[in-house]
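Student: Residue numbering for the sequence shown follows the working numbering, beginning at 63 and increasing consecutively.
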Amino acid sequence: MENMLFDICDDEMICGTDEAGRGPLAGPVVAAAVVLPRDFPFFMLADSKKMSERKRLEAESVIKEKAIAWATAAVSHKTIDRINILNASLLAMKLAYEKIKGTTAITLLLADGNKCPDVDIPCRAIVKGDAKIPEIMAASILAKNERDRLMVLADRKWPAYGYAKHKGYPTAAHIKAIGIYGPSPIQRMTFHTGLEKDDEPDLLSLL
């Protein structure tokens, strides 16, 4: 599939990266980076947004078992507020890649979207890459599952907000909870009008 879309040499060591959590009103953005072997069971991969939770978890188990290398990285809501969600997403991708770059000789990074993170190897941004490129599909699955787990942990600390159900996305129930209880300690304050920033700790330090 990749060779049909791009002029990629057979001997390239490809790493795919993707993020989860650009749209929520609360919590971190999480990215993953994945290098897959040629004999990986690619049939089980897809855009994580179109997979059931069961299928994502099944795929995650195989990815972590069979991948040549993989890693996830999270960037907190406080950093999102400071540098904006796009830059935070690119930073998360960079951090995930940097966790594995020394473990294998990666020669090309393929990033989902239309911008590349600032990395030390060639990078190509692939619009809708999570529906086209196996390595990006795998990264999207790991990122989505990891972020969901973080939000379930957040729900245990702040159950009034319902994070286990909506994972911080702007559902009616989430917006209602904010109206009743005010912003939670992991609220992305720049995603709201009328909310004031504070010095609450970030989710990653509390879990």
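Ideal Cβ positions, reconstructed from N, Cα and C, are used throughout, including at glycine.
Which word fits Arg-84, buried or exposed, when buried means at least 16 other C-beta atoms lie within 10 angstroms of its C-beta?
Tutor: It counts as exposed.
Student: Report the start-end ranges of each alpha helix (DSSP H) in the region 144-186 that is 4 residues or longer and not cut off at the edges.
Tutor: You should have 147-162.
Student: Using only CA atoms, which one of Gly-241, Ile-162 and Glu-197 lies nearest to Asp-101?
Tutor: Out of Gly-241, Ile-162 and Glu-197, Glu-197 has the C-alpha closest to the C-alpha of Asp-101.
Student: Would you call the region 209-218 in contact with the region 187-201, where contact means no fewer than 3 C-beta pairs closer than 8 angstroms?
Tutor: In short, these stretches do not touch, since the Cβ pair count stays below three.
Student: Whole angstroms is fine: what's the gap from Leu-204's alpha carbon to Ser-151's?
Tutor: Their Cα atoms are separated by approximately 15 angstroms.
Student: Exposed or buried, what is Gly-175 when buried is set at 16 or more other beta-carbons lying within 10 Å of its beta-carbon?
Tutor: Its Cβ being crowded by 16 or more others within 10 Å, Gly-175 is buried.
Student: Nearest CA to the CA of Arg-250: which residue from Ile-242, Lys-219 and Tyr-231?
Tutor: If we check each option's Cα against that of Arg-250, Tyr-231 comes out closest.
Student: Do you know how far the Cα of Ser-110 is from the Cα of Ala-136?
Tutor: Roughly 17 angstroms separates the two Cα atoms.
Student: Which partner residues does Gly-78 have in the DSSP bridge list?
Tutor: Looking at the DSSP assignment, Gly-78 forms a beta bridge with Val-96 and Leu-172.
Student: Take Lys-140 as the anchor and find which of Asn-207, Lys-227 and Val-91 has the nearest alpha-carbon.
Tutor: With distances taken between Cα atoms, Lys-140 lies closest to Val-91.
Student: How many Å lie between Ala-131 and Val-124 at the Cα?
Tutor: Spanning the two alpha carbons is a distance of roughly 12 angstroms.
Student: What are the boundary residues of the beta strand (DSSP E) that Val-137 is part of?
Tutor: From DSSP, the beta strand (DSSP E) with Val-137 extends over 131-137.
Student: Closest by CA to Pro-103, which one among Asp-217, Lys-177, Ala-121 and Gly-224?
Tutor: Of the candidates Asp-217, Lys-177, Ala-121 and Gly-224, the one whose C-alpha sits nearest the C-alpha of Pro-103 is Ala-121.
Student: Just how far apart, CA to CA, sit Leu-107 and Ala-239?
Tutor: Going by the C-alpha atoms only, they are around 35 angstroms apart.
Student: According to DSSP, simplified to helix, strand and coil, what is Thr-252?
Tutor: DSSP places Thr-252 in helix when its eight states are reduced to three.
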